[in-house]
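Worksheet for the structure shown next.
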Amino acid sequence: MLAVSNITYEVDGKALIKDVSVSFHPGKLNLVIGPNGAGKSTFVRLICNQLKPKIGSVRYGSTPVDSISISDLAKIRAVLSQNIELAFPLTVAEVVMMGRYPHFHSKPTGIDQKACEEAMCFFDIQDFADRNYLTLSGGEKQRVQFARVMAQIWFPEKEHCRYLILDEPLTFLDVRYQFDFMHKLLDLRKKDLVIIAVVHDLNLVSKFADEVVLLAEGKLLASGNKDQVLSKENIKKAYHLDPVIHVDNGKRYLFFE
Amino acid sequence: MKRSGVLFFFLLILLFIVSILAIGSGAVGISLEEMYSSFCKLFTHQEMILNERIFMEIRLPRVILCLFVGATLASGGVLMQALFRNPIVEPGLVGTSSGSAFGAAFYFVLGATLKFNTGEWILPIAACLGGMLSTGLVFILSRSQQTNKSSIVLLLLTGIAVNALFLSAVGFLSYIARDPQARSITFWNLGTLSGANWHSVIIVGVSSVLCILIGMRYTKHLNALMIGEEEAKYLGINIRKLKRIIMVINVVMIAVATAFVGVVSFVGLIVPHLLRMIKGSDNRFLLINSTLLGAILLCLSDLVSRLLLAPAELPIGIVTSAVGVPIFIILLRRKNYLF
Numbered sequence: 001m002l003a004v005s006n007i008t009y010e011v012d013g014k015a016l017i018k019d020v021s022v023s024f025h026p027g028k029l030n031l032v033i034g035p036n037g038a039g040k041s042t043f044v045r046l047i048c049n050q051l052k053p054k055i056g057s058v059r060y061g062s063t064p065v066d067s068i069s070i071s072d073l074a075k076i077r078a079v080l081s082q083n084i085e086l087a088f089p090l091t092v093a094e095v096v097m098m099g100r101y102p103h104f105h106s107k108p109t110g111i112d113q114k115a116c117e118e119a120m121c122f123f124d125i126q127d128f129a130d131r132n133y134l135t136l137s138g139g140e141k142q143r144v145q146f147a148r149v150m151a152q153i154w155f156p157e158k159e160h161c162r163y164l165i166l167d168e169p170l171t172f173l174d175v176r177y178q179f180d181f182m183h184k185l186l187d188l189r190k191k192d193l194v195i196i197a198v199v200h201d202l203n204l205v206s207k208f209a210d211e212v213v214l215l216a217e218g219k220l221l222a223s224g225n226k227d228q229v230l231s232k233e234n235i236k237k238a239y240h241l242d243p244v245i246h247v248d249n250g251k252r253y254l255f256f257e
Numbered sequence: 258m259k260r261s262g263v264l265f266f267f268l269l270i271l272l273f274i275v276s277i278l279a280i281g282s283g284a285v286g287i288s289l290e291e292m293y294s295s296f297c298k299l300f301t302h303q304e305m306i307l308n309e310r311i312f313m314e315i316r317l318p319r320v321i322l323c324l325f326v327g328a329t330l331a332s333g334g335v336l337m338q339a340l341f342r343n344p345i346v347e348p349g350l351v352g353t354s355s356g357s358a359f360g361a362a363f364y365f366v367l368g369a370t371l372k373f374n375t376g377e378w379i380l381p382i383a384a385c386l387g388g389m390l391s392t393g394l395v396f397i398l399s400r401s402q403q404t405n406k407s408s409i410v411l412l413l414l415t416g417i418a419v420n421a422l423f424l425s426a427v428g429f430l431s432y433i434a435r436d437p438q439a440r441s442i443t444f445w446n447l448g449t450l451s452g453a454n455w456h457s458v459i460i461v462g463v464s465s466v467l468c469i470l471i472g473m474r475y476t477k478h479l480n481a482l483m484i485g486e487e488e489a490k491y492l493g494i495n496i497r498k499l500k501r502i503i504m505v506i507n508v509v510m511i512a513v514a515t516a517f518v519g520v521v522s523f524v525g526l527i528v529p530h531l532l533r534m535i536k537g538s539d540n541r542f543l544l545i546n547s548t549l550l551g552a553i554l555l556c557l558s559d560l561v562s563r564l565l566l567a568p569a570e571l572p573i574g575i576v577t578s579a580v581g582v583p584i585f586i587i588l589l590r591r592k593n594y595l596f
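Chains as they are written, first to last, in this note's numbering: chain A, 1 to 257; chain B, 258 to 596.
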């Protein structure tokens, strides 16, 4: 479990995150939504220990994140940021192998190779393992980054939950791969894996989410069951738009006019 | 992996051939027999003939110093480029070389007046201090006040300003210097290996071997930096510590090398670039092979500088710049190399 309690984060006296408390459970697909500037990326950086909250705490399991060393944390927690660029040319296989860096010293072991191969197969990129990363399209780069991040926490760690945190993973993908990726996230749900993803498309959220967290202006507007969070009032409050909610066969669709 | 192993042995053999060639040719030719016999005489303490003494006391230290300096400059380039995530960075651009030049010029011109020009250790120490001063200045000045981080553009622009400052300080020193001193500064600014002796070989050798070995330990961390600083942190890498270590070993090995041979630019730029064209950017591969290729290229440059106007000698910095500047411009003009 990843638990956030009463975190506040300020820059120059302006609170970007105000008193947010929420917990994310393993085996579920937790999606974070909110309008632009709601503080979603700041929130992701806070739970990843990239930023330190002014008040409040973040705990991985029962351990405060401050008391886990960054090298130990990297063995159980992988983060996909919004950056998919690479400073120098490398092959796709070399980029994916970076995900295993927290696990080996100088040379990758057989386990590391296996994790990379399986992660590449899982995201269907084994065919371009030897290609230069810089020559790939945006969507292909994104999928290589998925494989890298997944390779990092591919195998269970003893006595620890694994954490997968994704900041807007769908940005560079077309509709097919967006659906593909969301289905893969559903497949990845396991007893020892906490998945947290920031997603913009509310209909994808309504289709795939188990739990939803809605942030607006740095505050937690709603969290929990997707049908409750994706209510007319909440969406109007957050996005300043009137949604039309259409329910068909128990499935909710959102339209905006 | 196999292909890079082949390349490594190829470079090793090439290094051997080039060294023998560089030792053998020059104002006085030295044959393989003479090289062999002078080694025999060294161990049996016999009197050496003229050519054997030229080999033992001039040519051999010069070539070995050249190999060490080439390896240092090239691997310094690899480390800097990896750290700043930019292929057009080299030690000269962030002020290290010009600062070391200033330190050495200060020693040459004012050492006698201020009475600290005693002992052979003072020159490398003065250069080291100068290099640290200028590199430190570049880093402090390029630190943005809002984010407390150095951006690459700001860093390079600050590097240009600080380079100009220190080179004009060197100019000022050579302006106030009396003639023989001024001459040694000029030569020193352009780089020369003519002052090589066993003493300088040992000092440069120890510092560069130690620093490169430390650098080897961090190649994996530097690889992770390619996907971004934040992303490397998510892979469990302590970025602040990494930056500090790489900067320190760079300044030390570059300043010590610069102290003995002067400013030799563009080796740190060309060598990593050539290797990247052969086989990608894995820093483990780049660092090992750049030490070899850097040594080979500098040795060849030194040979050219000795033979072109023989028996007179060209400063080696002129040779490396003549080759390096066009490559630098080509790199700048390539789209994916802009920041």
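No residue lacks a Cβ here, since even glycine has one placed at the ideal position from N, Cα and C.
Taking Cβ-Cβ distances shorter than 8 angstroms, what residues in chain B pair up with residue i?
| i | result |
| --- | --- |
| Ala-78(A) | Tyr-491 |
| Leu-73(A) | Gly-493 |
| Ser-81(A) | Gly-485, Glu-487, Glu-488, Tyr-491 |
Hey, could you find the ends of the beta strand (DSSP E) residue i is sitting in?
| i | result |
| --- | --- |
| Gly-56(A) | 55–60 |
| Val-22(A) | 14–24 |
| Leu-214(A) | 211–216 |
| Val-351(B) | Careful: Val-351(B) lies outside any beta strand (DSSP E) and carries neither H nor E. |
| Ala-222(A) | 219–225 |
| Asn-30(A) | 29–33 |
Considering only the alpha carbon of each residue, which of the options lies closest to residue i?
| i | options | result |
| --- | --- | --- |
| Leu-531(B) | Leu-499(B), Gly-448(B), Val-518(B), Thr-548(B) | Thr-548(B) |
| Glu-347(B) | Phe-523(B), Met-504(B), Gly-327(B) | Phe-523(B) |
| Ile-584(B) | Val-561(B), Ala-328(B), Ala-512(B), Met-534(B) | Met-534(B) |
| Val-576(B) | Arg-590(B), Gly-388(B), Pro-568(B), Leu-555(B) | Leu-555(B) |
| Leu-221(A) | Tyr-239(A), Lys-28(A), Ser-71(A), His-105(A) | Tyr-239(A) |
| Phe-365(B) | Thr-353(B), Leu-411(B), Ala-384(B) | Ala-384(B) |
| Ile-68(A) | Lys-54(A), Cys-121(A), Gln-50(A), Leu-136(A) | Gln-50(A) |
| Ile-382(B) | Ala-552(B), Ala-514(B), Gly-393(B) | Ala-514(B) |
| Phe-123(A) | Asp-167(A), Lys-184(A), Thr-109(A) | Lys-184(A) |
| Leu-414(B) | Ile-345(B), Phe-266(B), Tyr-293(B) | Ile-345(B) |
| Leu-90(A) | Asp-130(A), Leu-73(A), Ser-106(A), Ala-74(A) | Asp-130(A) |
| Phe-88(A) | Lys-536(B), Arg-590(B), Phe-325(B), Ile-553(B) | Lys-536(B) |
| Ala-216(A) | Val-229(A), Glu-118(A), Ile-84(A) | Val-229(A) |
| Met-473(B) | Leu-336(B), Ser-282(B), Leu-367(B), Leu-269(B) | Leu-336(B) |
Is it right to say residue i is buried, meaning 16 or more other beta carbons lie within 10 angstroms of its own, or is it exposed?
| i | result |
| --- | --- |
| Thr-449(B) | buried |
| Asp-12(A) | exposed |
| Val-96(A) | buried |
| Gly-336(A) | In the structure as shown, chain A begins at 1 and stops at 257. Residue 336(A) is therefore absent and cannot be evaluated. |
| Ile-7(A) | buried |
| Arg-497(B) | exposed |
| His-478(B) | buried |
| Val-244(A) | exposed |
| Gly-356(B) | buried |
| Cys-297(B) | exposed |
| Ala-328(B) | buried |
| Ala-362(B) | buried |
| Met-182(A) | buried |
| Gln-303(B) | exposed |
Using a cut-off of 7 angstroms between C-beta atoms, extract the partners of residue i located in chain B.
| i | result |
| --- | --- |
| Cys-48(A) | Tyr-491 |
| Tyr-101(A) | Lys-477, Ala-481, Leu-492 |
| Met-98(A) | Asn-480, Ala-481, Ile-484, Leu-492 |
Which stretch, first to last residue, makes up the alpha helix (DSSP H) that contains residue i?
| i | result |
| --- | --- |
| Ala-197(A) | Segment 193–198 is the beta strand (DSSP E) holding Ala-197(A); no alpha helix (DSSP H) there. |
| Pro-258(A) | Past the edges of chain A, shown from 1 to 257, lies residue 258(A), and the structure says nothing about it. |
| Asn-507(B) | 496–518 |
| Lys-75(A) | 70–76 |
| Ile-294(B) | It is Ser, not Ile, that sits at residue 294(B) in the sequence shown. It spans 289–301 - the alpha helix (DSSP H) in which Ser-294(B) sits, taken as one unbroken run. |
| Ile-471(B) | 455–474 |
| Ser-106(A) | Counting along the chain, Ser-106(A) falls outside any alpha helix (DSSP H), and DSSP gives it neither H nor E. |
| Asp-559(B) | 540–564 |
Whose Cβ in chain B lies nearer than 9 angstroms to the Cβ of residue i?
| i | result |
| --- | --- |
| Glu-94(A) | Asn-480, Gly-537, Ser-538, Asp-539 |
| Ser-23(A) | Per Cβ cutoff of 9 angstroms: no residues; Ser-23(A) is ~21 angstroms from chain B at best. |
List the residues of chain A that residue i touches, going by C-beta distances under 8 angstroms, in chain order.
| i | result |
| --- | --- |
| Arg-533(B) | Phe-88, Pro-89 |
Report the neighbours of residue i on chain A: residues whose CB is nearer than 9 angstroms to its CB, in chain order.
| i | result |
| --- | --- |
| Pro-344(B) | Ala-87, Phe-88 |
ask   = Okay, do the region 187–196 of chain A and the region 155–162 of chain A touch, 3+ Cβ pairs below 8 angstroms being the bar?
value = Proximity of the region 187–196 of chain A to the region 155–162 of chain A meets the contact definition, three or more beta-carbon pairs being nearer than 8 angstroms.
Cβ-based contacts, 9 angstroms cut-off: residues of the region 53–73 of chain A near chain C = Absence of chain C from the displayed structure is noted, the protein chains being A and B.
message = I want to know whether the region 72–82 of chain A touches the region 488–502 of chain B - three or more CB-CB distances under 8 angstroms.
response = Short answer: they touch.
inquiry  = Count Cβ pairs between the region 444–463 of chain B and the region 309–328 of chain B that sit closer than 8 angstroms; are there 3 or more?
reply    = Judged by Cβ distances under 8 angstroms, the region 444–463 of chain B makes contact with the region 309–328 of chain B, as three or more pairs qualify.
ask   = Taking one C-beta from the region 36–45 of chain A and one from the region 56–67 of chain A each time, how about it: are there three or more such pairs within less than 8 angstroms?
value = No: fewer than three Cβ pairs fall under 8 angstroms.
query = Just checking, does the region 466–478 of chain B make contact with the region 322–341 of chain B on the three C-beta pairs under 8 angstroms criterion?
reply = Short answer: they touch.
query = Are the region 229–239 of chain A and the region 198–218 of chain A touching by the rule of at least three beta carbon pairs closer than 8 angstroms?
reply = For the pair of segments examined, the region 229–239 of chain A was found to touch the region 198–218 of chain A: the number of CB pairs separated by less than 8 angstroms reaches three.
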